[in-house]
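Note sheet for the following structure.
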Amino acid sequence: MKVCLLSRSLYPLLGGSETYVYAVAESMARLGHEVIVVTSTLPAHYAGRYSYPFRVVRVPGLSEFNSAQAPLSTLVPLYETLKLLRPDVIHVHNILLGIALTLIAKSLPESPGIVFTDHNTPMPDDRRWISGINCYEVELALGRFLFQHGAYDLAVTPSECFFSWALKCGAPVDKLRLVRHGVDVDRFSPGPAAQGMRRRLCRDPNAFLLLAPGRTVRRKGILVLLKALSDPLLVSRNVHLAITTSENTSEREFLSHVAEIIGCSSLRDRVTFLVDAFTPGEMPDVYRACDCVMLLSRAEGFGLVGIEALAAGVPLVASQSTGIKEYLEDEATGLAVDCDSSIGIAAAIARLVDDPVLRMQLSRGGRSLVTKDFDQGVMIRSLERAYTSVLPESRRAPDRRLAGTLLNGNASSAALQHRI
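Just add 155 to wherever you are in the sequence shown, counting from 1, and you've got our numbering.
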């Protein structure tokens, strides 16, 4: 099967949707499918060459179009690229690229099957959804148009939160499928970190090391975490914070603001601020090098970094926003906190510093949950079936055995035992 993943950006730009697309492309290629990721050109400051275990085709302006900052003429090179590639299936990611594909889909030769996934976190309380529009009513209009009238055969949602939101936006239930986010439980597994990794994150080998991975945007609670770090409870316990983030953000000014706060305060020696410092292959060791992962989002469609941390056996302190609640069970897989309470956050961290038995309990509980419910092998098997289901009859290989391809791809035993 020739699969095209259409995404606004890809590594070395990092984020939830980029991680998802990379994992899907890598896994599908490993199963023997021909995989092409069609994505935007890299910003000029990303010098150098990047290698991928799949084919990458870069189209200028896709990232800007996804943020409503590029003209409709961006559709021309996108159309020409897809026409030349002639994929069997296109899996398009996020609303505005889904609308772009809808506008040109009927002009593409041989009518490929189309799967759509949105990764924009819905924030109705804050009246925000799609980055770059800056008008909630218009964001809703665009999203509802795509879910109700878009040129897709199947909408795959990676969490219950996204599934419920798609229904609220009018998506036909018979065109919706829940395929939960997954993590490679063999790659993200407990164990010692690679030599030198902890020192890259924190120079003090005796510090209790917190990790805050992900984009630096306001809703993810980084400011309240910095405030908690100044609490006497944590100052006296030698707690250090490593922030691993990316310039791939819709809030560049806020990213600079956070860097300035850290550099000009007493936190300077207790916070390491790392921007685009790690490859996808290094991230398991980043988690293993830490003692606790922080995920304090006010709103989250899922929070992929949360299950990556749990898979690696690292205790999680997190808010109970909608998507995170799908894997955070207080006192079992992590500690739940009020994302607006720096005092409560500091108290939860102090508990973990003082209680190694609790840390081990949470590590085991989190790892057990992920291997049972969020195994990437299960996700890929479900996506492979979804792709096959939207193929035109003329393109379907006879008697194709999906389980066999998974065996050839060395999927985990949990995935092979799961029946979908």
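Even for Gly, the Cβ is constructed at its ideal location relative to N, Cα and C. Computed from a predicted structure; not experimentally measured.
Cβ pair residue i, residue j closer than 8 angstroms
| i | j | result |
| --- | --- | --- |
| LEU233 | LEU251 | no |
| MET449 | ALA367 | yes |
| ALA491 | VAL311 | no |
| THR174 | PRO435 | yes |
| PHE209 | VAL192 | yes |
| VAL372 | SER401 | no |
| LEU263 | VAL379 | no |
| THR399 | VAL441 | yes |
| ALA255 | LEU230 | yes |
| ASP275 | ILE259 | It is Asn, not Asp, that sits at residue 275 in the sequence shown. In this structure, ILE259 does not lie closer than 8 angstroms to ASN275 by Cβ. |
| ASP243 | MET156 | yes |
| LEU197 | ASN403 | no |
| ALA464 | ARG443 | no |
| ALA223 | ILE269 | no |
| VAL508 | ARG392 | yes |
Closest Cα partner of residue i within the set the options
| i | options | result |
| --- | --- | --- |
| GLY298 | GLU315, LYS261, ASN249, SER314 | ASN249 |
| ILE245 | THR194, GLU219, ARG443, HIS395 | THR194 |
| ASP528 | THR488, LEU546, ILE259 | THR488 |
| LYS382 | ILE498, VAL211, SER172, ILE285 | ILE498 |
| PHE318 | ARG163, PRO277, GLY337 | PRO277 |
| GLU484 | ILE462, ALA467, SER228, CYS419 | ILE462 |
| PRO347 | VAL472, CYS445, CYS419, LYS261 | CYS445 |
| VAL158 | ARG241, ARG370, ILE416 | ARG241 |
| VAL512 | THR526, GLU486, GLU437 | GLU486 |
| PHE300 | TYR177, CYS324, PRO279 | CYS324 |
| GLU315 | ARG425, ALA178, VAL472, LYS480 | LYS480 |
Cα-Cα separation between residue i and residue j, rounded to whole angstroms
| i | j | result |
| --- | --- | --- |
| ALA505 | LEU389 | 6 angstroms |
| THR427 | VAL394 | 12 angstroms |
| ASP554 | PRO547 | At ASP554 the pLDDT is 44, less than 50, meaning the model places this residue with poor confidence; the figure from the coordinates comes in the next sentence. The alpha-carbon atoms of ASP554 and PRO547 are separated by roughly 15 angstroms. |
| GLY305 | PRO327 | 11 angstroms |
| GLY351 | PRO167 | 21 angstroms |
| LEU459 | GLY171 | 6 angstroms |
| SER385 | SER421 | 8 angstroms |
| SER476 | LEU239 | 43 angstroms |
| ASP495 | GLY376 | 8 angstroms |
| PRO439 | MET534 | 19 angstroms |
| SER164 | SER411 | 21 angstroms |
| TYR201 | PRO215 | 15 angstroms |
| GLY520 | GLN531 | 18 angstroms |
| PRO313 | PHE457 | 8 angstroms |
| ALA225 | LYS330 | 30 angstroms |
| ARG355 | SER523 | 29 angstroms |
Under the three-state DSSP convention, the category residue i falls into
| i | result |
| --- | --- |
| GLY305 | coil |
| GLU189 | strand |
| SER172 | helix |
| LYS157 | strand |
| PHE433 | coil |
| ASP554 | Note on ASP554: pLDDT 44, under 50, position unreliable in the model; the coordinate value appears next. Note: ASP554 maps to coil in three-state DSSP. |
| ALA467 | coil |
| GLY499 | helix |
| PHE220 | helix |
| ALA397 | strand |
Residue span of the alpha helix (DSSP H) that contains residue i, given as start and end
| i | result |
| --- | --- |
| HIS412 | 407–418 |
| LEU538 | 531–545 |
| CYS357 | Neither: CYS357 is in no alpha helix (DSSP H) and is coded neither H nor E. |
Element boundaries [beta strand (DSSP E), containing residue i]
| i | result |
| --- | --- |
| ARG332 | 331–333 |
| VAL492 | Counting along the chain, VAL492 falls outside any beta strand (DSSP E), and DSSP gives it neither H nor E. |
| ALA367 | 363–368 |
| ALA473 | 471–473 |
| ARG514 | Per DSSP, ARG514 belongs to no beta strand (DSSP E); it is in the alpha helix (DSSP H), 511–528. |
| VAL211 | 210–214 |
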